[in-house]
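Visitor: This is the structure I want to talk about, given as structure tokens.
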Amino acid sequence: MEALQNGPLGLVSAPSLREQARQVIRGLVITGQMRPDQLYSVPRLAAELGVSATPVREALLDLEREGLLQAERNRGFRVVSLSLSELNETFAIRLLLEVPSVGDIAQGGLSKQQLSELHELAEATRQTADAGDLIAFLDADLKFHVQLIATLGNRSLAKLVETLRDRVRLHGFAGNDSPRDFLKQSAEEHFKLLDYVSKRDRAGAEATMQRHLERSRGAWGDRHNAAQAAKAAVLDDTS
Numbered sequence: 001m002e003a004l005q006n007g008p009l010g011l012v013s014a015p016s017l018r019e020q021a022r023q024v025i026r027g028l029v030i031t032g033q034m035r036p037d038q039l040y041s042v043p044r045l046a047a048e049l050g051v052s053a054t055p056v057r058e059a060l061l062d063l064e065r066e067g068l069l070q071a072e073r074n075r076g077f078r079v080v081s082l083s084l085s086e087l088n089e090t091f092a093i094r095l096l097l098e099v100p101s102v103g104d105i106a107q108g109g110l111s112k113q114q115l116s117e118l119h120e121l122a123e124a125t126r127q128t129a130d131a132g133d134l135i136a137f138l139d140a141d142l143k144f145h146v147q148l149i150a151t152l153g154n155r156s157l158a159k160l161v162e163t164l165r166d167r168v169r170l171h172g173f174a175g176n177d178s179p180r181d182f183l184k185q186s187a188e189e190h191f192k193l194l195d196y197v198s199k200r201d202r203a204g205a206e207a208t209m210q211r212h213l214e215r216s217r218g219a220w221g222d223r224h225n226a227a228q229a230a231k232a233a234v235l236d237d238t239s
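Heads up: the sequence shown at position 152 corresponds to 152 in the UniProt record's numbering, and the numbers run straight through without jumps.
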């Protein structure tokens, strides 16, 4: 297995090393730094993170339950890869869930405190997009969307949206030299969405959310097609 970064990632000692390890490994998965064609062992990942094997193993098992990883007995873990068909199915579910949910939120309205908290999260996506920090952006983006959906008071729905978003991000921007423009546009759409929500404009909120999701689907689909074309080219060269 190739090194993920130069030198140990070095998690600090804390009561929940397991959760810290889960967050770091999840970030490596969703940004494509951990790849489906690689096998990742617990001892090697523990060495990369600078902690013992136990919290890393527990974190990997957590991510397996979330559907991001697949265990290979006595060997290690692989990143779960979605086919283009599975990717499209996931986005179809997200459209069915998130678009009308955002409409319900806009129609019902949010409190000043809720809007303020969401604006803070939207600002975090803008700042991380400007910095070109993909892992930090995806984390802030996830928090924004999950907290927005959570205002409906349906925990199961919020958790489902979180899980579906993580699955799609397995087709992230690894290998893409210029994701910053995409990230900036996504961040600005968060503010447009909140503007419609604050005005209780259901139609505007739903249309913005649909465009937001469809643009993401196009980006992930392009990434998937490019990866498949590169793989086919390698096979042609070796045949």
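Beta carbons are placed, not taken as given, at the ideal position from N, Cα and C, and that holds for glycine. Quick caveat: nothing in here was measured; it's all calculated off a predicted structure.
Applying the criterion that 16 or more other CB atoms from any shown protein chain within 10 Å of the CB defines a buried residue, is Ser116 buried or exposed?
Guide: Result: exposed.
Visitor: May I ask you to verify whether the region 31 to 50 touches the region 71 to 85, counting CB pairs closer than 8 Å and requiring at least 3?
Guide: Touching, yes.
Visitor: Taking DSSP's pairing of strands, which residues face Tyr40 in a bridge?
Guide: DSSP lists Phe77 as partners of Tyr40.
Visitor: Which same chain residues, not among the five before or five after Arg18, have their C-beta less than 7 Å away from its C-beta?
Guide: Correct list, in chain order: Pro55, Glu58 and Ala59.
Visitor: Quick check: Thr31 and Leu138, are their CB atoms within less than 8 Å of each other?
Guide: The answer is yes: Cβ separation under 8 Å.
Visitor: My output table needs one value for Gln70: the three-state DSSP class, helix, strand or coil.
Guide: Three-state DSSP puts Gln70 in a strand.
Visitor: Within a Cβ cutoff of 7 Å, which residues of the same chain sit near Asp166, ignoring the five residues on either side of it in sequence?
Guide: The residues are Ile30, Glu66 and Leu68.
Visitor: How would you call Leu118, buried or exposed, if buried means at least 16 neighbouring beta carbons within 10 angstroms?
Guide: So Leu118 counts as buried.
Visitor: Check whether the Cβ atoms of Phe144 and Thr163 lie closer than 8 Å to each other.
Guide: No, Cβ-Cβ distance for Phe144 and Thr163 is not below 8 Å.
Visitor: For Gly103, count neighbouring C-beta atoms within 10 Å of its own C-beta (all shown protein chains included) and say buried if the count is 16 or more, exposed if not.
Guide: The residue in question, Gly103, is buried, as its Cβ has 16 or more Cβ neighbours within 10 Å.
Visitor: Count the C-beta pairs between the region 206 to 218 and the region 91 to 98 that are closer than 8 Å, then say yes if the count reaches three, no if not.
Guide: Contact holds: three or more Cβ-Cβ distances are below 8 Å.
Visitor: Between Ser156, Leu134 and Ser111, which has its C-alpha nearest Arg200's C-alpha?
Guide: It is Ser111 whose Cα lies nearest to the Cα of Arg200.
Visitor: Could you pull the start and end residues of the alpha helix (DSSP H) that Lys112 belongs to?
Guide: It spans Lys112 to Ala131 - the alpha helix (DSSP H) in which Lys112 sits, taken as one unbroken run.
Visitor: Among residues of its own chain, excluding the 5 on either side of Leu213, which ones have a beta-carbon nearer than 8 Å to its beta-carbon?
Guide: Within the same chain, Leu213 has close Cβ partners Phe91, Arg94, Leu95, Glu98 and Val99.
Visitor: Which class does Ser156 belong to by DSSP, given the choice of helix, strand or coil?
Guide: In the structure shown, Ser156 sits in a helix (DSSP, three-state: H, G or I).
Visitor: Short of 7 Å in beta carbon distance, which residues of its chain neighbour Ala53, apart from the five on each side in sequence? Order them along the chain.
Guide: Here the set comprises Val42, Pro43 and Ala46.
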